[in-house]
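Q:
Numbering (my numbering), first residue to last: 324 to 542.
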């Protein structure tokens, strides 16, 4: 009996939750048109939810405007609408679908504002104190998915640095990995799990080497 009572209460509660969610997504805006193209919301519009009324309650035919639901932009095809006041009724998603969302940036793995799958970059840094570094490397990314597995991203990385730290002191460094995965929160695995980490600092008489040529992660 108690179980049946709980089910009954739950069924009464669900419609109110759905109604509340629907109410929160609804928008009613009165706008005076000053130009034929404009944005009217910060969130993306749910398709087929927009209804536009003139001040006399006349519904504006959807053929009179072009709507971009993703960016919440509208363009009227007739300039005679400029100066008119309209009432816009519509529903929105809780996000702007054209915006990029992330937990943290991937600047270490992926250069900012770069949409290419593969990059190969060589740079040189110099100053007046005989400090000169040559940096080059490449990163390639592979996206894998399937019916029985979650989306995963694998990355091959090869970074190399060489040059002068001072007049006599030189450096060589290599960091590489053939299977560097991304975690869900946007970070990579720890540095000691790279396949190869090699750093050599030397001059004419002395030499310091750190790292390894081949290392294996503990499983």
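For each residue, glycine too, the CB sits at the ideal point set by N, CA and C.
1. Residue 361 bridges to which residues according to DSSP?
2. Does DSSP put residue 525 in a helix, in a strand, or in coil?
3. Using CA coordinates, which residue listed in 485, 382 and 462 is at the minimum distance from residue 455?
4. Could you check where the beta strand (DSSP E) with residue 352 kicks off and where it finishes?
5. Check for me: the beta strand (DSSP E) holding residue 371 runs from which residue to which?
6. Return the chain-ordered list of same chain residues with a C-beta closer than 8 Å to the C-beta of residue 366, the five sequence neighbours on each side being excluded.
7. Measuring CA to CA, which of 422, 390 and 494 is closest to residue 373?
8. Applying the 10 Å Cβ sphere with the 16-neighbour rule, what's the burial state of residue 577?
9. Looking at the structure shown, is residue 380 part of a helix, part of a strand, or coil, going by DSSP?
10. Give the C-beta separation of residue 408 and residue 353 to the nearest angstrom, bearing in mind that I take them to be a contact with Cβ-Cβ under 8 Å.
11. Thinking C-alpha only, which one of 348, 521, 423 and 406 is nearest residue 368?
12. Could you name the residues that DSSP lists as bridge partners for residue 421?
13. Closer than 6 Å by C-beta to residue 524: which residues in its own chain qualify, once you throw out the five before and the five after it? Chain order, please.
14. On the criterion of 16 or more Cβ atoms from any shown chain inside 10 Å, does residue 405 qualify as buried, or is it exposed?
15. Below 8 Å on the Cβ atoms is my contact criterion, and I expect residue 522 with residue 500 to pass it. Report the Cβ-Cβ distance as a whole number of Å.
16. What residue range is occupied by the uninterrupted beta strand (DSSP E) comprising residue 412?
A: Answer, in terms of the structure:
1. Here residue 361 refers to the residue found at position 38 of the chain shown. Bridge partners of residue 361: 397.
2. Here residue 525 is taken as the residue at index 202 of the chain shown, counted from 1. Three-state DSSP puts residue 525 in a strand.
3. Taking the chain shown and counting its residues from 1, one reaches residue 455 at position 132. Minimum Cα distance to residue 455 is reached at 485.
4. Translated into positions along the chain shown, residue 352 becomes position 29. 349-355 is the extent of the beta strand (DSSP E) around residue 352.
5. Walking along the chain shown from the start, residue 371 turns up at place 48. Looking at the DSSP string, residue 371 is not in any beta strand (DSSP E), and its letter there is neither H nor E.
6. The sequence position of residue 366 within the chain shown is 43, counting from 1. 395, 415, 416, 417, 418 and 419.
7. On the chain shown, position 50 is the one that residue 373 refers to. Among 422, 390 and 494, the Cα nearest to that of residue 373 is on 390.
8. Because the chain is modelled from 324 through 542, residue 577 falls outside the range shown and cannot be assessed.
9. Numbered from its first residue, the chain shown carries residue 380 at position 57. The answer is coil: DSSP assigns residue 380 none of H, G, I, E or B.
10. The residue labelled residue 408 in the question sits at position 85 within the chain shown. The residue labelled residue 353 in the question sits at position 30 within the chain shown. About 6 Å; that satisfies the 8 Å criterion.
11. Position 45 of the chain shown holds residue 368. Taking only the C-alpha atoms, the option nearest residue 368 is 348.
12. The sequence position of residue 421 within the chain shown is 98, counting from 1. The partner list for residue 421 (beta bridge, DSSP) is empty, contrary to what the question assumes.
13. For the purposes of this step, residue 524 is taken as residue 201 along the chain shown, with counting starting at 1. Taken in chain order, the residues that qualify are 494 and 531.
14. For this step, residue 405 is matched to residue 82 along the chain shown. Exposed: under 16 other Cβ atoms inside 10 Å.
15. Residue 522 sits at position 199 when you count from the first residue of the chain shown. Residue 500 sits at position 177 when you count from the first residue of the chain shown. Residue 522 to residue 500, Cβ: 16 Å. No contact.
16. Locating residue 412 in the chain shown gives position 89, counting from the first residue. Run containing residue 412: 408-414, per the beta strand (DSSP E) assignment.
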